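Asks:
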Amino acid sequence: AQTVTQSQPEMSVQEAETVTLSCTYDTSENNYYLFWYKQPPSRQMILVIRQEAYKQQNATENRFSVNFQKAAKSFSLKISDSQLGDTAMYFCAFVGSQGAQKLVFGQGTRLTINP
Amino acid sequence: EAGVAQSPRYKIIEKRQSVAFWCNPISGHATLYWYQQILGQGPKLLIQFQNNGVVDDSQLPKDRFSAERLKGVDSTLKIQPAKLEDSAVYLCASSSGLAGITGELFFGEGSRLTVL
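In the order they appear, the protein sequences are chains A and B.
For what it's worth, the working numbering labels the leading residue of the first sequence as 33, then goes sequentially.
For what it's worth, the working numbering labels the leading residue of the second sequence as 34, then goes sequentially.
(1) DSSP beta-bridge partners for Ser40/B?
(2) Is there a Cβ from chain A that is less than 8 Å from the Cβ of Pro76/B?
(3) Taking all protein chains shown into account, decide if Lys91/B is buried (16 or more other Cβ within 10 angstroms of its Cβ) or exposed.
(4) Going by beta carbon distance, what residues of the same chain come within less than 6 Å of Thr50/A, once the five residues before and after it are set aside?
(5) Alpha carbon to alpha carbon, how far is Ile78/A from Ile45/B?
(6) If distances are taken between C-alpha atoms only, which option among Phe139/B, Leu149/B and Cys125/B comes closest to Arg42/B?
(7) Going along the chain, which residues of the stretch 77 to 95 of chain A sit with their C-beta nearer than 7 Å to a C-beta in chain B?
(8) Determine whether the Cβ of Gly117/A lies closer than 8 Å to any Cβ atom of chain B.
(9) From this set, Lys48/B, Leu149/B, Leu78/B and Phe82/B, which residue's C-alpha is nearest Lys104/B's C-alpha?
(10) In this structure, does DSSP put Leu103/B in helix, strand or coil?
(11) Can you list, in chain order, the residues of its chain with a C-beta nearer than 8 Å to that of Asn90/A? Leave out the 5 residues immediately preceding and following it.
(12) Please list the residues of the stretch 84 to 116 of chain B that have a C-beta atom closer than 8 Å to any C-beta atom in chain A, keeping them in chain order.
(13) Hey, is the stretch 112 to 126 of chain A in contact with the stretch 112 to 120 of chain B, meaning 3+ C-beta pairs nearer than 8 Å?
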């Protein structure tokens, strides 16, 4: 079974700083997708960024980028020039390309951006 | 485009009572998911539908939880009887196809259940 681990329960940085959230996963599949989802306080979960395992190039979306290390099964999220609106729970998630293709989430990292 | 709709947003019940949650996915989305998110944890998949068929319900406590998606559109999740440990946010999500193909799930705002 696939597992996703986020080892940082909480992080806090000052506005405009850069922060990196860590995620590791375990799978025997070769083709899969990885995601970072953001869940602001009392608001719905939204997709931040996704990475396809067969693509070597790291995904970027404006201030958000990932460092995907397939051999190490590592998938970290970097937020540059952090803003107060980035305060949220961040979940790393995995979905395989076989079977039911269930989206499996990590435990989450609570990120606080301080003014 | 309307998002995933869920109701009720909040529900407080006593243990051994029953409760039902409703979800209407984004129009045209074939895949519907129910997740349970306990405070401080990541969402855990309870059940996944493809149209009106169950794709995965391996983590659904079938002695007390049931879910249906009769016409392949909206869905209902029921808990009967509720236990204290069922206190959680129940998230509904939908996608146009299986997550491994489409790569993105769209979530509702969730239904927060408190069992006293």
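Even for Gly, the Cβ is constructed at its ideal location relative to N, Cα and C.
Keep in mind it's a predicted model, so treat the numbers as computed, not measured.
Replies: With the structure as the only source:
(1) Trp55/B
(2) Chain A has a Cβ within less than 8 Å of the Cβ of Pro76/B.
(3) Note that residue 91/B is Ser in the sequence shown here, rather than Lys. Label assigned to Ser91/B: exposed.
(4) Ser112
(5) 26 Å
(6) Per the Cα distances, Cys125/B.
(7) Met77, Leu79 and Arg82
(8) no
(9) The shortest C-alpha separation from Lys104/B is found at Phe82/B.
(10) Assigned with DSSP and collapsed to three states, Leu103/B falls in coil, not helix or strand.
(11) Gln83, Ser97, Val98, Asn99 and Phe100
(12) So the close ones are Val88 and Asp89.
(13) Using a Cβ-Cβ distance cut-off of 8 Å, the stretch 112 to 126 of chain A and the stretch 112 to 120 of chain B are not in contact, since fewer than three pairs of beta carbons, one from each stretch, lie closer than that value.
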